[in-house]
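In this note's numbering, the protein residues as written are 141 to 514. A virtual CB, placed ideally from N, CA and C, is assigned to each residue, including glycine.
So this is what it looks like as structure tokens:
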């Protein structure tokens, strides 16, 4: 047995601690917050999307240019292994209509309580209000998270120590975030908090299907998050919204030849084109002609992503070339990184948590094996 410290009590840190303890090592988890997994609990308020049930090849494609970096870890601990792990805690799961996997209780707190009980039974110690002392030559696994929701724990206070060690960390940026739009006061007051369902979005040549949500400051939702990287890194293009992606422009144009009669324009568009009130008012808000072309391709100008503090996740982190295939730091042997502090990003849909868990398992398994040979 060896003594080993894990820093960060989010999902990656807790999973790393479990793997190390299962391998027979004495594990202490340190976290500077007064209680563990605060961001994990926040994510669970929306149902806790653990992973996704789609075929693994399709699943891996969701990581974009980070696929080759993450693929070995995800294959070593894939979505079905994560589901089996949750089931082993007594947490039943189900697959939603979108293919996403959730706990049946639709909360993070029951899973976290069961998990902490297991860790306690394994002898894992949890030390709150305890910060990482920096590189001291001792083995450690770091799971500090990225830089979103810093008041919940991921405050990136570790960056100066990495800089002093000469370790490249790419600047953190908001990912899966709201994008700002200058709504009129009337539109904002009437439609903030309203979903725009079953749309297709195109940005800089990439098209996705999904749902939007109008917010006070702009626009967000699953379809926006899927385009997040392009929206952030290629600003200036219009976001093109197709309100009727299941109809061709020709079929829609034919429907719009029906006489309007005494109906108001809103009533007419609702009846003939199947548009919701928020879609009709978005056309009005952007000055788009409500014909077939406008309904199929309404341009919307976005300003910039909202601040990182309220982004669901962050891009950037420890550069990929700074770690080996097991996420061990090349400039600090026996120190491993896991989770969102590494440089990768993914859309929502189960991909975020899956990669956090998988990188933690990969790193902890390798750390455990090296401890055994010391």
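* **Start and end residues, beta strand (DSSP E) containing residue 516** => This structure gives no information on residue 516, because the portion of the chain shown stretches from 141 to 514.
* Asked: residue 162 by DSSP, collapsed to three states: which one?
  -> The residue given as residue 162 occupies position 22 in the chain shown. Here residue 162 sits in helix by DSSP.
* Counting along the chain, where does the beta strand (DSSP E) carrying residue 476 start and finish? -> What you label residue 476 is simply residue 336 of the chain shown in a count that begins at 1. Per DSSP, residue 476 belongs to the beta strand (DSSP E) from 475-477.
* Classification of residue 504 by the beta-carbon crowding that lies within 10 angstroms, buried from 16 upward -> Walking along the chain shown from the start, residue 504 turns up at place 364. Classification of residue 504: buried, given that the 10 Å Cβ count is 16 or more.
* Report the option in 276, 281, 295, 312 whose CA atom is closest to the CA atom of residue 304. => Start at 1 with the first residue of the chain shown, and residue 304 comes out as number 164. Ranking the options by Cα distance to residue 304, first place goes to 276.
* Asked: Which term fits residue 438, buried or exposed, when burial requires 16 or more other beta carbons within 10 angstroms of its beta carbon?
  -> Here residue 438 is taken as the residue at index 298 of the chain shown, counted from 1. Looking at its Cβ environment, which holds 16 or more other Cβ atoms inside 10 Å, residue 438 is buried.
* Asked: Going along the chain, which residues of its own chain have a beta-carbon closer than 7 Å to the beta-carbon of residue 332, five neighbours each way excluded?
  -> By one-based count along the chain shown, residue 332 stands at place 192. Excluding positions up to five away in sequence, the list reads 354, 355, 356.
* Hey, residue 312 and residue 301: beta-carbon distance below 9 Å or not? -> For the purposes of this step, residue 312 is taken as residue 172 along the chain shown, with counting starting at 1. For the purposes of this step, residue 301 is taken as residue 161 along the chain shown, with counting starting at 1. Taking 9 Å as the Cβ cut-off, residue 312 and residue 301 do not qualify as a contacting pair.
* **DSSP beta-bridge partners of residue 457** => Residue mapping note: residue 457 aligns to position 317 of the chain shown, counting from 1. Answer is 310.
* Thinking just about the alpha-carbon of each residue, which of 506, 502, 482 is nearest to the one in residue 206? -> Locating residue 206 in the chain shown gives position 66, counting from the first residue. Among 506, 502, 482, the Cα nearest to that of residue 206 belongs to 482.
* Asked: So residue 219 and residue 192 are in contact, right, with Cβ under 8 Å, and what is the actual spacing, rounded?
  -> As a first step, residue 219 must be located in the chain shown, where it is residue number 79. As a first step, residue 192 must be located in the chain shown, where it is residue number 52. Confirmed, Cβ separation roughly 6 Å.
* **Supposed close pair residue 288, residue 453 - CB separation, criterion 8 Å** => In the chain shown, counting from the first residue as 1, residue 288 sits at position 148. In the chain shown, counting from the first residue as 1, residue 453 sits at position 313. Confirmed, Cβ separation roughly 6 Å.
* Is residue 509 helix, strand or coil when you go by DSSP? -> Translated into the one-based positions of the chain shown, residue 509 becomes position 369. Here residue 509 sits in helix by DSSP.
* Does the distance from the CB of residue 190 to the CB of residue 233 come in under 9 Å? -> As a position in the chain shown, residue 190 is number 50, starting the count at 1. As a position in the chain shown, residue 233 is number 93, starting the count at 1. In this structure, residue 233 lies closer than 9 Å to residue 190 by Cβ.
* To do: Could you tell me which of 340, 222, 156, 426 sits nearest to residue 490, measuring between CA atoms?
  => Locating residue 490 in the chain shown gives position 350, counting from the first residue. Residue 490 has its Cα closest to that of 222, out of 340, 222, 156, 426.
* **Residue from 403, 307, 182, 366 with nearest C-alpha to residue 249** => Position 109 of the chain shown, counting from 1, holds the residue named residue 249. Cα-wise, what sits closest to residue 249 is 182.
* What separation, rounded to the nearest whole angstrom, lies between the Cα atoms of residue 443 and residue 198? -> Here residue 443 is taken as the residue at index 303 of the chain shown, counted from 1. Here residue 198 is taken as the residue at index 58 of the chain shown, counted from 1. If I take the Cα positions, the gap works out to 31 Å.
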